[in-house]
Amino acid sequence: MSKRTAEIRTAAAGPNDDIGEAKRLELYRSQMRIRDAEQRAYDLFLQNLVKGTSHLSLGQEAIAAGFGCAMRPGDLSFCTYRGHAHTLARGVSVEKVLGELMQRDNGLMRGKGGSMHLASEEHGVMGSYAIIGAHLPIACGAAWRAQYRGDKDVSVCFFGDGTTNIGAFHEALNFAVVWKLPVIFVCENNLYMEYTPIGDVTAVPSPAGDRAAAYGLPKIVIDGNDADIVYREAIKALDKARSDGGPSLIECLTYRHSGHSRADPAKYRPEGELEKWKQRDPVKIYRERLKQFGISDRQIAEIDEAVRKEVDQATEACKAAPMPPTDILFTDVYADGGWAWRN
Amino acid sequence: MAELTYRDAVARGIAQEMKRDKDVVFLGEDIAKAGGVFKATVGLYEQFGPLRVRDTPISEQAILGAAMGAAMTGLKPIAEIMFSDFIAVCFDYIANEFPKSRYMSNGQTKCPLVVRTGNGAGSRFGAQHSQSVENWCMMIPGLKVVAPSNPLDVVGLLAAAVRDPDPVIFFEHKSLYPTKGEVPDGEIVDTLGTAKIVQPGKDATICALALMVPRALEAAEKLKTEHGIDCEVVDVRSLVPLDTQTILGSVAKTNRLFTVEENPRLCGWGAEIVSIVADEAFYDLDGPPVRITTPHIPLPAADILEDMVLPNAARIAETVRRSLGN
Chain G
799 MSKRTAEIRT
809 AAAGPNDDIG
819 EAKRLELYRS
829 QMRIRDAEQR
839 AYDLFLQNLV
849 KGTSHLSLGQ
859 EAIAAGFGCA
869 MRPGDLSFCT
879 YRGHAHTLAR
889 GVSVEKVLGE
899 LMQRDNGLMR
909 GKGGSMHLAS
919 EEHGVMGSYA
929 IIGAHLPIAC
939 GAAWRAQYRG
949 DKDVSVCFFG
959 DGTTNIGAFH
969 EALNFAVVWK
979 LPVIFVCENN
989 LYMEYTPIGD
999 VTAVPSPAGD
1009 RAAAYGLPKI
1019 VIDGNDADIV
1029 YREAIKALDK
1039 ARSDGGPSLI
1049 ECLTYRHSGH
1059 SRADPAKYRP
1069 EGELEKWKQR
1079 DPVKIYRERL
1089 KQFGISDRQI
1099 AEIDEAVRKE
1109 VDQATEACKA
1119 APMPPTDILF
1129 TDVYADGGWA
1139 WRN
Chain V
603 MAELTYRDAV
613 ARGIAQEMKR
623 DKDVVFLGED
633 IAKAGGVFKA
643 TVGLYEQFGP
653 LRVRDTPISE
663 QAILGAAMGA
673 AMTGLKPIAE
683 IMFSDFIAVC
693 FDYIANEFPK
703 SRYMSNGQTK
713 CPLVVRTGNG
723 AGSRFGAQHS
733 QSVENWCMMI
743 PGLKVVAPSN
753 PLDVVGLLAA
763 AVRDPDPVIF
773 FEHKSLYPTK
783 GEVPDGEIVD
793 TLGTAKIVQP
803 GKDATICALA
813 LMVPRALEAA
823 EKLKTEHGID
833 CEVVDVRSLV
843 PLDTQTILGS
853 VAKTNRLFTV
863 EENPRLCGWG
873 AEIVSIVADE
883 AFYDLDGPPV
893 RITTPHIPLP
903 AADILEDMVL
913 PNAARIAETV
923 RRSLGN
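Protein chains in written order, with my numbering: chain G, 799 to 1141; chain V, 603 to 928.
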């Protein structure tokens, strides 16, 4: 926490603020969009309108927002099955995301992917991967293309603490360093791999940070509930990647307010833990931050209202949207648009 | 026209495509400076340089994952998995990632890549370096699966695979690397999804793949000279897409079907062909379709044992002869 305190002091310096009002409002707005959309997804699940599974980022919004606001158009995001937040953070509409969760025809993939596979390449969202660790090497490949062609985009790969114990994590880290790829690995350490505390199943206290040295990378562990801190670290890592400085591994400490997935009431958590972390709710922290910087309650309320409106309108649009037509069942298996495996 | 080995045909096919298109890049273990453990990629590093021909760590997941990320964003990677048995350690990409990303994303995600891999027995490497695993890949919707039997097909099908917009698993047979064949000069591009009748005949259709093709041809020769049985040998070449028209057409002519498969028996590719023929050409058949396969066991290392279990010309000929009642 000492690092966080130090950052807040720096941030509170006022007119010399390195982030600035416009970016701060963007960071807040992004977090609120994620918060409200995720909360709505949960409500719709309770109404049996969100089908299949879903993995919410309630409580973890600052990480997706911090990176989303730091990344440039053209930079690429690689997300996990807990990827609604990162998809929204790149500017994908709430309607497209909720539509996919509700498996309607207006969804991002018209219901063919579902909650765990959100992708919107026009926004640089290069897919959400539901097999733990799979997308770290894939992000390396996208970064290899940037390096090979001299493109200046950066690939940013988000994953949970549980991912640090799977082989692909270690293969990707070594590979990225050896090839000096413009890729950023962002570990969202929310303290639980799924139901089991990450500390119970990991050899080191910081699941990502303590592995960094094995790949010649500095240990970076930050407060993932403070969007300013995330944003600054993101800018640093993006600049490093863009200037051929190679990969970064950043561990962001955070906490999910809900269970692992929609089926999980999270009863394994010790009493009081959730309440303690809710004191450090990223949205709450950021509202206070805005006020420190002289943003008025009215400005904040305006953002809240605009976000609520977007989410409400999206919800209504999704409820009214038709289910996907069955003729898409057999499309896009192969690049010719069809599914033929024989003549 | 030059006589090339199957191994040199691999390098020629890759070089042809890398010369044509700067987006074609190549990665794998020991493929660059060392020229590949099977010496199938000699000279590519020198010709195309370290940015396009890159050695990787022993990290099969990183190799296939990186190939996919590069393919999604505009390159056309060729990735080598040294032994096809190792597909098991990176099967997530083969089974879950390459073939499903386009479908799941409703057509957004592209995955134009080729995985080349050394497949098959004959080197006495035992159960984890000798398998024929083409059927592991054939069963997955979204992949294409190719296995050439001769140097000319290696060049042409490799070029077709590189130019194909879908993920293609390209099985090279390790025991075929030293075999030779005529390959014309100039650019060669074949067509995926086409089988080839490599020996016309009228009494029985023998479908074979990769190393089993020369063995089927040898058996056909034996059957003709020793028993007067005139076999048609079909080199299946491409398991997905599968050229069922050529196979059904052949069966319509010969009225008998045999498959010769190196894979262990259960769920081998021949079962699918037999099923299609039974379903669509049952009344063309004058007798039951017969599958000649490796038995359903892990492969042994000792040459005497390995030779006993792989289909060979004698076993193919004997099975066909007995089945035809000669």
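Using N, Cα and C, we set each Cβ at its ideal position, and we do this for glycine too.
SER926 of chain G: member of the beta strand (DSSP E) spanning 923-927, first to last residue. With the rule of 3 Cβ pairs closer than 8 angstroms, the region 824-836 of chain G does not count as touching the region 1043-1051 of chain G.
Listed in chain order, the non-local C-beta contacts of ARG1040 of chain G below 7 angstroms within the same chain comprise LYS950, VAL952, PRO980, local neighbours out to five positions each way being set aside. The continuous alpha helix (DSSP H) containing GLU898 of chain G extends over residues 892-899.
When only Cα atoms are considered, PHE1091 of chain G and ARG1030 of chain G end up about 17 angstroms apart. Secondary structure at ILE1048 of chain G: strand, using DSSP grouped into helix, strand and coil. If you check the CB distance, ARG888 of chain G and VAL1105 of chain G do not come in under 9 angstroms.
Sorting G:GLU1086, G:VAL1131, G:ASP903 by C-alpha distance to the C-alpha of THR1124 of chain G places G:ASP903 at the top. 9 angstroms or more divides the Cβ of ARG822 of chain G from the Cβ of ARG1085 of chain G. Residue burial is scored here from C-beta neighbours: HIS853 of chain G has at least 16 other C-beta atoms within 10 angstroms and is therefore classed as buried.
Annotation for LEU971 of chain G: TYR1013 place their beta carbon closer than 6 angstroms to its own, counting only its chain and skipping 5 residues before and after. Per DSSP, the beta-bridge partners of ALA681 of chain V are V:LEU629, V:VAL717.
ILE906 of chain V sits exposed, since fewer than 16 C-beta atoms from the chains shown fall within 10 Å of its C-beta. Only those residues of the region 833-855 of chain V whose C-beta falls short of 7 angstroms from the nearest C-beta of chain G are listed: VAL842, PRO843, LEU844, ASP845, THR846, GLN847. The beta carbon of MET869 of chain G sits no closer than 9 angstroms to any beta carbon of chain V. Three or more beta-carbon pairs separated by less than 8 angstroms are not found between the region 710-722 of chain V and the region 878-888 of chain V, which leaves the two stretches without contact. In the three-state reduction of the DSSP assignment, VAL1019 of chain G falls in the strand class, which pools E and B. In chain G, no part has a C-beta under 8 angstroms from the C-beta of TYR647 of chain V; the shortest such distance is about 15 angstroms. Contact between GLU774 of chain V and VAL612 of chain V holds, with the beta-carbon distance rounding to 6 angstroms and staying under 8 angstroms. For the region 630-654 of chain V, the set of positions with a beta-carbon nearer than 9 angstroms to some beta-carbon of chain G reads LEU653, ARG654 in chain order.
Counting along the chain, the unbroken beta strand (DSSP E) around VAL748 of chain V starts and ends at 746-748. The C-alpha of ALA868 of chain G is placed about 60 angstroms away from the C-alpha of PRO816 of chain V. Taking C-beta atoms as the reference points, LEU819 of chain V and GLU864 of chain V fail to come closer than 9 angstroms. Assignment of GLY965 of chain G by DSSP, reduced to helix, strand and coil, places it in the helix class. The continuous stretches of beta strand (DSSP E) do not include ALA690 of chain V, and DSSP gives it neither H nor E.
Residue burial is scored here from C-beta neighbours: THR793 of chain V has fewer than 16 other C-beta atoms within 10 angstroms and is therefore classed as exposed. A buried status is given to TYR705 of chain V, since no fewer than 16 other beta-carbon atoms sit within 10 Å of its beta-carbon. Secondary structure of LEU819 of chain V (DSSP, three-state): helix. Here ARG1096 of chain G is exposed. Its C-beta has fewer than 16 other C-beta atoms within 10 Å.
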